[in-house]
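Each remark here refers to the structure printed beneath this line.
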Amino acid sequence: MLGSWHLSAHVADQRYGRSPGGGIVPRALATRPVTHPGDWGIYGLADQTIWRRGDASISGFGMVEFAPKDRNPVSFYADGGIACKGFVPNHPDDVLSFGVAYSRISPDAIASDRDSVAQSGLPQPMRDAETVVEVSDLAHIAPWWMVQPDRQDVGLPCGNATLPIVLDQAIPNSGGIVF
């Protein structure tokens, strides 16, 4: 499937703002944002069974999205994985899935980070990308009861953004299990 989205509101530029006199300057020096009339993105996604035998099946899924780099903190996103259904004896509806997602920070947002470092003179990590690896198990305990433990590990959270209080340290990688 192919699709697109559109936002009709004005959105702030990722790198530039306006000085008190109205000139265009890096956001680090700006008193108000440069705005763009609207925003948009395009995407494609697929979800397809690639193997089936009786109640057991394996499906593949994936998505790719692009958005303008001047008005979006993330200008490229992709995810994909596989889902295995019916491999547990006596549980034909249980689904075990594995997935990976990747978000690339827009070049304009990265340039804004570099501008901020140049203006402040303080070291800080530069944002670039975030990767998430996920394993999920949808278990049907009874016809009316399902449990889905989910493990996610996040590499470079928020694209390697800094801790709010300690600007020279990036948010550490994280992971955990949720139910």
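When the letters of the sequence shown are read in order and numbered with our numbering, they come out as residues 217 to 395. Note that the Cβ used here is the ideal one computed from N, Cα and C, for glycine as well.
Spatially closest choice to residue i from the options, by CA coordinates
i: Ser220; options: Ser273, Asp344, Trp360, Trp256; result: Trp256
i: Phe365; options: Ser291, Val304, Ser352, Leu372; result: Note that residue 365 is Pro in the sequence shown, not Phe. The shortest C-alpha separation from Pro365 is found at Ser352.
i: Val290; options: Gly238, Arg269, Val304, Tyr318; result: Tyr318
i: Ile258; options: Asp329, His226, Pro284, Glu350; result: Pro284
i: Val280; options: Ile274, Gly297, Asp324; result: Gly297
As assigned by DSSP and simplified to three states, the class of residue i
i: Gly315; result: strand
i: Ala246; result: coil
i: Asp263; result: strand
i: Pro323; result: helix
i: Ala283; result: coil
i: Asp229; result: strand
i: Arg269; result: strand
C-alpha gap between residue i and residue j, whole angstroms
i: Asp229; j: Gly278; result: 29 Å
i: Gln335; j: Leu354; result: 49 Å
Integer-rounded CB distance, given that residue j should sit under 8 Å from residue i
i: Gly315; j: Asp295; result: 6 Å
i: His356; j: Asp309; result: 5 Å
Cβ neighbour criterion (16 or more within 10 Å) applied to residue i
i: Asn306; result: exposed
i: Val363; result: exposed
i: Ser264; result: For clarity, residue 264 is Gln in the given sequence; the question names Ser instead. Exposed, by the Cβ-count rule.
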